[in-house]
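Numbering (my numbering), first residue to last: 1 to 135.
No residue lacks a Cβ here, since even glycine has one placed at the ideal position from N, Cα and C.
Note that the structure is predicted; figures quoted are calculated from it, not measured.
Right, here's the structure in full:
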């Protein structure tokens, strides 16, 4: 019985480690072109966070859940004018619900009710912007 439990735990731990290793290989990257700078970092077992700064100074952070965006949803924080303040927040469901749009917040209309969401997104954008400016 102990041997069976040990084998099962080993298989589970090995699988989780394998997923995480693949996530690191696929999502730990920086890509720079004349049009944009993309920084992608693994997050959790199968999730990742992407930061994109475009040539017009607009920027966005898209966060895929740490357990994978096929099961859970994603969030995108958009700064359309490059002032490091989130203008729009979009949240989508996972593939189980066909990635439908769950929430869409516009700063000029929704900040009072969703200030914490906008402030969190502002912090994500500022952190990635600072990281990319150091390189």
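A straight line joining the alpha-carbon of residue 101 with that of residue 4 spans about 44 Å. Here residue 118 is buried. Its C-beta has 16 or more other C-beta atoms within 10 Å. Bounds of the beta strand (DSSP E) holding residue 48 are 47-54. Residue 15 has its alpha-carbon roughly 14 Å from the corresponding atom of residue 24. Distance between residue 88 and residue 2, taken at the CA atoms: about 53 Å.
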